[in-house]
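Colleague: Structure provided below as structure tokens; questions to follow.
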Amino acid sequence: MPELPEVETICRGITPLIVGLSIAGIIIREPRLCVLIPADLSASLHGRTVLAVSRRAKYLLIHCSGDCTLLIHLGMSGTLRFFAEPLSCERHDHVEIIFDQGGRLRFRDPRRFGAILLSHGDPLAHPALAGLGPEPLSDEFTTDYLYRRSRQRTVAVKSFLMDQKTVVGVGNIYASEALHAAGIVPWRPCGTISRRRYALLVKEVRAVLLHAIEAGGTTLRDFQSAAGKPGYFAQELMVYGRAGDQCRKCGGEIQNIRIGGRSSFYCSGCQS
DNA sequence: CATGCGGCCTGGCAGC
DNA sequence: TGCTGCCAGGCCGCAT
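This is how it looks when you write it as structure tokens:
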């Protein structure tokens, strides 16, 4: 589910709801998601105040008092929702953070590919975050950077783009979308792409992500914001999930092939 | 080192 | 209706 726009949507959604609240406790029903055992996690968080919420790559960072940060990854199927009132929990409601002021943050993740980590000190130095590439919406993500990094490499440009060491936050949906917008066929070896085309790709990656954030993310099946609302970018997808349909730009037929084990969508009319 | 693939999990859906 | 197989937004570790 969640690529950068979805995580950003959650981040913006929960920030005004939980900043300033203090943590009364944490309920962990599925310990496999957490690196720390429940008792340790609970002890580490109890009594701390939420100072800020931010996003790095596809991780959500909940910054707490005492130099302690909760890192939450939503995996493929995770959602994070805030409830003002206690509600009975459902299947796959694995973790819940309860606040002294009332309200609770609930982490649901049917496929359990998500993770909850705890960082002391600088969260960006945490092993989960330390080796990641630049943020696509930052100044570090430039044509030169992508061009230089891709030289002498043979991986498909789509896999290159989805590699979180290249650039973070771009997953299967937005990689297909950005490559379509840039007119680049997804299987092209990344080392054979010109600087000029990378310039366009950088621009289109940024554009598609910003556009998706504005729409509140893409809801294919179960993504929802912290308030439980779906994202509206699905209706604006140009290629993802549209195999056999007409390209909205050129009328060609959208193709679906597998690259690096992932479904990849493109239009042979617009992309080369 | 770079690349490609299987595995981790469950649910939903198409096809029989 | 019910079963089977396949697919799914991510990422890690292993074999080549």
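The opening position of the first sequence corresponds to residue 79 in our numbering, with each subsequent residue numbered one higher.
Ideal Cβ positions, reconstructed from N, Cα and C, are used throughout, including at glycine.
Rounded C-beta distance between Y276 and T221? I'm assuming under 8 Å.
Modeller: 5 Å
Colleague: In the DSSP assignment, find the unbroken beta strand (DSSP E) run with H170 in it and report its ends.
Modeller: Element bounds for H170: n/a, residue is neither H nor E.
Colleague: Less than 8 Å separating the beta-carbons of R320 and I332?
Modeller: yes
Colleague: So I335 is in the beta strand (DSSP E); what residue range does that whole segment cover?
Modeller: 332-337
Colleague: What ranges does the alpha helix (DSSP H) occupy inside the segment 175-227, keeping only unbroken runs of at least 4 residues that lie completely in it?
Modeller: Runs found: 205-208.
Colleague: Based on the DSSP output, what are the partners of R133 in its beta bridges?
Modeller: L138
Colleague: Using only CA atoms, which one of V233, H258, H289, A259 lies nearest to R266?
Modeller: V233
Colleague: Please report how far the alpha carbon of L216 lies from the alpha carbon of R134, in whole angstroms.
Modeller: A small fix is needed here, since residue 216 is Ser in this sequence, not Leu. The alpha-carbon of S216 is positioned some 11 Å away from that of R134.
Colleague: On the three-pair Cβ rule with 8 Å, is the segment 225-232 touching the segment 172-187?
Modeller: no
Colleague: What residues in its chain sit with their C-beta under 6 Å from that of S155, if we drop five residues either side in the sequence?
Modeller: M79, D187, P188, R189
Colleague: What residue does the alpha helix (DSSP H) around Y344 start on, and which one ends it?
Modeller: Not the alpha helix (DSSP H): Y344 falls in the beta strand (DSSP E), residues 340-345.
Colleague: Can you name the start and end residues of the beta strand (DSSP E) that C146 belongs to?
Modeller: 146-151
Colleague: What's the C-alpha gap between L119 and L196?
Modeller: 8 Å
Colleague: If you follow the beta strand (DSSP E) that R229 is part of, which residue opens it and which one closes it?
Modeller: If you look at R229, you'll find it isn't in any beta strand (DSSP E); DSSP assigns it neither H nor E.
Colleague: Please report how far the alpha carbon of P109 lies from the alpha carbon of Y252, in whole angstroms.
Modeller: Their backbone Cα atoms lie some 31 Å apart in a straight line.
Colleague: Please list, in chain order, all residues of the same chain as L99 whose beta carbon is under 8 Å from its beta carbon, the five residues on each side excluded.
Modeller: Sequence-distant partners of L99 (beyond 5 residues in either direction) whose C-beta falls short of 8 Å from its own C-beta, in its chain, are T127, V128, F177, D178, Q179, G181.
Colleague: By how many angstroms is the C-alpha of S346 removed from the C-alpha of C89?
Modeller: Each residue's CA atom was taken as its position, placing C89 and S346 some 36 Å apart.
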